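Heads up: the structure comes next, in structure tokens.
Printed below as a string of structure tokens:
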């Protein structure tokens, strides 16, 4: 990597009227980077055997927040109670697909991790 920033100075004919020539050894094409990320969906869980849909009471985390496996992400209201929903994976909350107060069917995606 140090060779990319190596600079050569050539002597000038007169130190009063000329500036030194700078020759850079940077690559002619930009470096290519590959980012691999696995997008996972956070689904509306079935919190009871009779539950068909759930209401998002509140998001415990915001978009961009780092999440650890087992951490609470959202509070969901079922037909019987309010429950915290935890993530099964480490990652970042990429997108909230159902806002607070919104209703989603059991099994549908409510956020992206």
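In my numbering, the protein residues as written are 852 to 964.
Backbone N, C-alpha and C fix where the C-beta goes; we use that ideal spot for every residue, glycine too.
Computed from a predicted model, the values in this text were never measured in an experiment.
Neighbour-count burial assignment, residue i, 16 or more Cβ in a 10 Å radius
i: residue 888; result: exposed
i: residue 962; result: buried
i: residue 929; result: buried
i: residue 944; result: buried
i: residue 966; result: Look at the range of the chain in this structure, 852 to 964, and you will see that residue 966 is not part of it.
i: residue 921; result: exposed
As assigned by DSSP and simplified to three states, the class of residue i
i: residue 959; result: coil
i: residue 894; result: strand
i: residue 943; result: strand
i: residue 923; result: strand
i: residue 914; result: coil
i: residue 951; result: coil
i: residue 899; result: coil
i: residue 909; result: strand
i: residue 860; result: Residue placement at residue 860 is poorly supported in this model, since its pLDDT is 47, which falls under 50; the coordinates still yield a value, given next. Residue state, collapsed to three classes: strand.
i: residue 930; result: coil
CB-CB length for residue i against residue j, believed under 8 angstroms
i: residue 907; j: residue 949; result: 5 angstroms
i: residue 954; j: residue 903; result: With 8 angstroms as the limit, residue 954 and residue 903 do not qualify as a contact, their Cβ atoms being about 10 angstroms apart.
i: residue 926; j: residue 916; result: Actually they are not in contact, since the Cβ atoms of residue 926 and residue 916 sit about 15 angstroms apart, beyond 8 angstroms.
i: residue 941; j: residue 923; result: Their Cβ separation, rounded to whole angstroms, is 14 angstroms, which puts residue 941 and residue 923 out of contact at 8 angstroms.
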